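Below you'll find the structure, written out as structure tokens, and then a few comments.
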Amino acid sequence: MLTVILQQGINGVVVGSLYVLVALGLTLIYGVLVQINFAHADIVTLGAFTAYFVTHLLSGNYFAGIAVALIVGGVLGWLVNAAIFMPLRERGNELLPLIATIGVSIMLQNAMLVLLGPIPYAFDTPYSNSVIHFGGIFFTVQNMLIIVVSTITIGLLYAFMKFTILGKALRAVSQDRETAGLMGINPNHVIMLTFIIASALAGMSGAMLGPVLVLTPFAGTSVIVKAFAIVIIGGFGNVEGTIIAGLIVGLIESYTTQFLDPGLIDIVVFALLLLTLAVRPTGLIAEKREENV
Amino acid sequence: MRKQPLHALLTSAALVGGLLVVSTTSILAADKVIKIGGLFPMSGPGSYFGAQDKQGVELAIEQLNKSGVNGYKFEVHYEDSSCSPLPATQAAKRMIEQFKPDVAIGEECSDATLAIMPIMAQAKVPLLNAGSSSIKVTKPGNPWTFRIMPNEVMQGIDIATNAYKRLNARTAVLLHENTNAGIGNANVFADTFTKLGGKILADIGFGRDVNDFTSIATRVASLGKVDVIPTYTLEGQGLKITQALAQAGVVKGGGGKSIQLGTIWLPFGFEQKAGKAAVGYIRIVQFDPTDKRDTVHNFIQAFKAKYNKDPTHLNAHAYDQIMLIADVVRRGAKDAQSIRDGLAATKNFSGVTGSVTFDKTNQNIKMDTVHYMETKPDLSWNALKWN
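Going down the list, the protein sequences come from chains A and B. Counting from 0, one number per residue, gives the positions in the first sequence under numbering that gives the first Met the number 0. Counting from 0, one number per residue, gives the positions in the second sequence under numbering that gives the first Met the number 0.
Written out as structure tokens, the structure reads:
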């Protein structure tokens, strides 16, 4: 039984790491803009398909697939923000960009449906079926990669936010956009940077999720609801909270599957969400908005 | 201001991209026409059904409209029913109000079919179903709904009996999506298998939003000796389950001893996508491409000529749906009521998937549409000829 508990713990960390990657982009954008980005799921999907095609074109070079997915996600984030969200924000209505994210989501989803078709793709990397058995535990090299890449990404993001000028500018805009502007920070540039980073993260998380997901043009939507839940549980806009919440949700999923029933996963996760909202409405970590991002 | 044109362009593209594309086959206005409504999932996780159904339908229509049947030609209008009850009911209502079909075909998913059945019955438009397995479609069903494939009870009893008697299975773990069809199929298997003396070690249901099946595979691996694993899911989740079970060393494809049992829900090509994990997988398909009948041979040739690929069982059963309607028209049907009556009187219609004879509940009673296939190490099929 101990082996099973350990195995499910590993499974939970893998799934949780994937959720964290998806949720980080959401939480970054919320932290800076106080805006929910519904198109995030579709950038995740696009990242997954980008990685799929690049990996196949380059004879199984999955790392190139991850890199290109990250770049494509970042470029798309820049394009969408410059072409749609920024002009709408300049009109001063906070609702318009929110609705526009839904429009972009529908556009991306249907464009992928037309171009790629509805039939699920089998995204097997050279590491998907390399299984390592160790003391009754099994894990694929792909799963190890997910944990390693997630850890490195989280570490780099944390370092960027804490120790770089750009990261500090981003946090400053998150705390008080107007004051940050008076201090010489251009909020529009910071918002653009946030979109690029968040979308690049979405693209990369798609590349990591692709081999795990049922890869169709609707793939991202299957994880985005959980990602939103994680962002709320962690504290909207709080990076540390998002990481902790993501791992908790991943572990809840695997242990619910083992000891209860996988059909109860959503009930347990969203019960936790409601409990968090009731007991600690600001999330697991955040108390004040100034602490976020 | 310079950003405005790009903004406008992308906003327009969003609107265009968001529009649902529906299409209608075109025929001359002077022709007498049988109008067929196609209610298929074109979006969502079941959309691979719709894409392949449409191919089979288009081939059949093309062949029939070359000369017509009893002076009638056939026109099809598709609506996206999304494999889900709410969009399916909206699609059915839209189709009835705007297209006014003489007969409808679809849906594939049982929940969606069950949702549209009362709408079609109220409009007195016969609904010919090929892919939904829930017993509720025909029991109690209604006079306007017909099903050409064996229902979950017929399939479930057959699979469980074969598992127990031919594979000598004594233990099973059920894996299924939490839908009418998933739960229903699993329950029938469990009832039959336990009555024969087998034991169900676990009944594991899950939502369609589950992506990672490693945890489920871990749980199955922790249950000890499992002989068979009947699995009832759509293709995407089916792929992930099979690969996860192989990675956990449970099924033959991963060096284990358990045999996964599947249904007609999975399309052709599943094995190639799943890779070695699928080795040893036994599943039923609704169409046997090795069938020697001329009907089957001609269908395969025509399909290859039109689409440059081999047909799947979804292509085949959609083709059969149209050909059965044409057969009814050939027997004198000309409107919704007479098509319904003609369908009810169908005896031994020979389609590419097998034969069709409807009983009093409008259920096809023939079992020759069920073909068992085992995946060989080279991922090709070994036809088991169990029926």
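C-beta atoms are modelled at their ideal positions from N, C-alpha and C, and glycine is treated no differently. In this text the structure is predicted, and so the values were computed from the model without any measurement.
Cβ-Cβ distance between B:G49 and B:E96 below 9 angstroms
Locating residue 49 of chain B in the second sequence gives position 50, counting from the first residue. Locating residue 96 of chain B in the second sequence gives position 97, counting from the first residue. Cβ distance not < 9 angstroms, so B:G49 and B:E96 don't count as in contact.
Fully enclosed by the stretch 115-195 of chain B, which beta strand (DSSP E) runs are 3 residues long or longer?
Counting whole runs of 3 or more residues, the stretch 115-195 of chain B contains the beta strand (DSSP E) stretches 126-128, 144-146 and 170-176.
Kindly list the residues whose CB is nearer than 6 angstroms to the CB of B:P376, restricted to its own chain and excluding five residues on each side of it in sequence; keep chain order.
Locating residue 376 of chain B in the second sequence gives position 377, where the first residue counts as 1. In chain order, V278 place their CB closer than 6 angstroms to the CB of B:P376, counting only its own chain and leaving out the 5 sequence neighbours on each side.
For the stretch 290-304 of chain B, list every residue whose C-beta sits within 7 angstroms of some C-beta in chain A, in sequence order.
Those would be none; no residue qualifies.
Could you tell me which chain D residues have their CB closer than 9 angstroms to the CB of A:A50, listed as they occur along the chain?
Included in the structure are the protein chains A and B, with no chain D among them.
Extent of the continuous alpha helix (DSSP H) run through B:R339:
Numbered from 1 along the second sequence, position 340 holds the residue referred to as residue 339 of chain B. Taken as a continuous stretch (DSSP letters only), the alpha helix (DSSP H) holding B:R339 covers A335 to A343.
With which residues is B:G380 paired in a DSSP beta bridge?
If you number the second sequence from 1, residue 380 of chain B lands on position 381. Sequence check: residue 380 of chain B is Trp here, not Gly. Its beta-bridge partners are B:T374.
Would B:A317 count as contacting chain A if we go by Cβ distances under 9 angstroms?
Along the second sequence, one-based indexing puts residue 317 of chain B at 318. So, not an interface residue.
Please classify B:V21: does DSSP put it in a helix, a strand, or coil?
Locating residue 21 of chain B in the second sequence gives position 22, counting from the first residue. Any reading at B:V21 must be qualified, since the residue scores a pLDDT of 45, below 50, and its modelled position is unreliable; the value itself is stated next. In the three-state reduction of the DSSP assignment, B:V21 falls in the coil class.
My assumption, with CB atoms under 8 angstroms, is that B:E151 sits in contact with B:A180. Please give the rounded CB distance.
The count along the second sequence starts at 1 and reaches residue 151 of chain B at position 152. The count along the second sequence starts at 1 and reaches residue 180 of chain B at position 181. About 7 angstroms; that satisfies the 8 angstroms criterion.
Cα-Cα separation, B:E61 to B:F73:
The residue labelled residue 61 of chain B in the question sits at position 62 within the second sequence. The residue labelled residue 73 of chain B in the question sits at position 74 within the second sequence. Annotation: B:E61 to B:F73 spans about 9 angstroms, alpha carbon to alpha carbon.
Would you list, in chain order, the members of the stretch 251-278 of chain A that have their beta-carbon closer than 8 angstroms to a beta-carbon of chain B?
Under the 8 angstroms Cβ criterion, the stretch 251-278 of chain A contributes E252, S253, T256, Q257, D260, P261, G262, I264 and D265.
Check the DSSP bridge columns for A:L45 and list the partner residues they point to.
Working through the first sequence from its first residue, we reach residue 45 of chain A at position 46. In DSSP, A:L45 forms no bridge with anything.
List the DSSP bridge partners of A:N109.
As a first step, residue 109 of chain A is located in the first sequence; it is residue number 110 there, counting from the start. Paired residue(s): none; A:N109 is not in a bridge.
Cβ pair B:P210, A:S221 closer than 9 angstroms
Within the second sequence, the letter at position 211 stands for residue 210 of chain B. Within the first sequence, the letter at position 222 stands for residue 221 of chain A. Checking the sequence shown, residue 210 of chain B turns out to be Asn, not Pro. Judged by beta-carbon spacing, A:S221 lies within the 9 angstroms limit of B:N210, meaning their Cβ atoms are closer than that value.
Taking C-alpha atoms, which residue in B:G45, B:P100, B:A90 and B:Q89 lies nearest to B:A335?
As a first step, residue 335 of chain B must be located in the second sequence, where it is residue number 336. The candidate whose alpha carbon is nearest that of B:A335 is B:P100.
Quick one: list the residues of chain B neighbouring A:P125, beta-carbon separation under 7 angstroms, in chain order.
Taking the first residue of the first sequence as position 1, residue 125 of chain A is located at position 126. Those do not exist, as A:P125 stays about 12 angstroms from chain B at its closest Cβ, beyond 7 angstroms.
Any C-beta of chain A under 9 angstroms from that of B:T213
Taking the first residue of the second sequence as 1, we reach residue 213 of chain B at position 214. It does: the Cβ of B:T213 has a partner Cβ on chain A nearer than 9 angstroms.
Take A:A277 as the anchor and find which of A:I231, A:N237, A:L263 and A:I247 has the nearest alpha-carbon.
The count along the first sequence starts at 1 and reaches residue 277 of chain A at position 278. Scanning A:I231, A:N237, A:L263 and A:I247 for the CA closest to the CA of A:A277 turns up A:I231.
Could you spell out the range, first to last residue, of the beta strand (DSSP E) harbouring B:N284?
Position 285 of the second sequence, counting from 1, holds the residue named residue 284 of chain B. Just to set this straight, residue 284 of chain B is Val in the shown sequence, not Asn. Here the beta strand (DSSP E) through B:V284 covers I281 to V284.
Counting only C-beta atoms, is B:K239 closer than 9 angstroms to chain A at any point?
Taking the second sequence and counting its residues from 1, the one referred to as residue 239 of chain B is at position 240. Answer yes: the Cβ-Cβ gap between B:K239 and chain A drops below 9 angstroms somewhere.
A:V238 lies in the alpha helix (DSSP H); which residues open and close that run?
The residue you call residue 238 of chain A lines up with position 239 of the first sequence. From DSSP, the alpha helix (DSSP H) with A:V238 extends over V238 to F258.
Determine, using beta carbons only, whether A:T193 and A:I28 come nearer to each other than 9 angstroms.
Position 194 of the first sequence, counting from 1, holds the residue named residue 193 of chain A. Position 29 of the first sequence, counting from 1, holds the residue named residue 28 of chain A. Taking 9 angstroms as the cut-off, the beta carbon of A:T193 is found closer than this to the beta carbon of A:I28.
Contact list for B:F98 against chain A, beta-carbon separation under 8 angstroms
On the second sequence, position 99 is the one that residue 98 of chain B refers to. Going along chain A, no residue has its Cβ under 8 angstroms from B:F98, so there is no contact; the nearest lies around 23 angstroms.
Given A:V189 as reference, the closest of A:G30, A:V3, A:L271 and A:D265 once Cα atoms are compared
The residue you call residue 189 of chain A lines up with position 190 of the first sequence. Minimum Cα distance to A:V189 is reached at A:G30.
Tell me the rounded alpha-carbon separation between B:V21 and A:R279.
Taking the second sequence and counting its residues from 1, the one referred to as residue 21 of chain B is at position 22. Taking the first sequence and counting its residues from 1, the one referred to as residue 279 of chain A is at position 280. Any reading at B:V21 needs caution, since the residue's pLDDT is 45, under 50, leaving its predicted position unreliable; the model's value is listed next. Going from the Cα of B:V21 to the Cα of A:R279 covers about 48 angstroms.
Cβ-heavy atom distance, B:A344 to the ligand SAM, below 8 angstroms
No copy of the ligand SAM appears in this structure; indeed no ligand is present at all.
Using 9 angstroms as the limit for Cβ to Cβ distance, is A:A199 near chain B?
On the first sequence, residue 199 of chain A is found 200 positions in, with the first residue counted as 1. The C-beta of A:A199 comes no closer than 9 angstroms to any C-beta of chain B.
C-beta neighbour in chain A for B:A50, strict 9 angstroms
Position 51 of the second sequence, counting from 1, holds the residue named residue 50 of chain B. B:A50 counts as touching chain A.
Can a CB atom of chain B be found closer than 9 angstroms to the CB of A:A158?
For the purposes of this step, residue 158 of chain A is taken as residue 159 along the first sequence, with counting starting at 1. Chain B places no beta carbon closer than 9 angstroms to that of A:A158, leaving this residue out of the contacts.
Does the Cβ-Cβ distance between A:I223 and A:G233 come in under 9 angstroms?
Here residue 223 of chain A corresponds to residue number 224 of the first sequence, with the count starting at 1. Here residue 233 of chain A corresponds to residue number 234 of the first sequence, with the count starting at 1. No, the pair does not count as a contact, with Cβ atoms beyond the cut-off.
For B:S379, which residues of its own chain have a beta-carbon under 6 angstroms away from its beta-carbon, when the five flanking residues on both sides are left out?
Taking the first residue of the second sequence as 1, we reach residue 379 of chain B at position 380. Here the set comprises nothing.
Using 8 angstroms for Cβ pairs, my map puts B:T160 next to B:T360. What's the rounded Cβ distance?
Position 161 of the second sequence, counting from 1, holds the residue named residue 160 of chain B. Position 361 of the second sequence, counting from 1, holds the residue named residue 360 of chain B. Rounded, the Cβ-Cβ distance is 22 angstroms, inconsistent with contact.
In angstroms with no decimal places, state the Cα-to-Cα distance between B:S132 and B:S109.
Translated into positions along the second sequence, residue 132 of chain B becomes position 133. Translated into positions along the second sequence, residue 109 of chain B becomes position 110. Rounded to the nearest whole angstrom, the C-alpha separation of B:S132 and B:S109 is 6 angstroms.
Partners in chain A for B:F205, counting only beta-carbon separations shorter than 7 angstroms:
The residue you call residue 205 of chain B lines up with position 206 of the second sequence. Within 7 angstroms Cβ-Cβ: P261 and G262.
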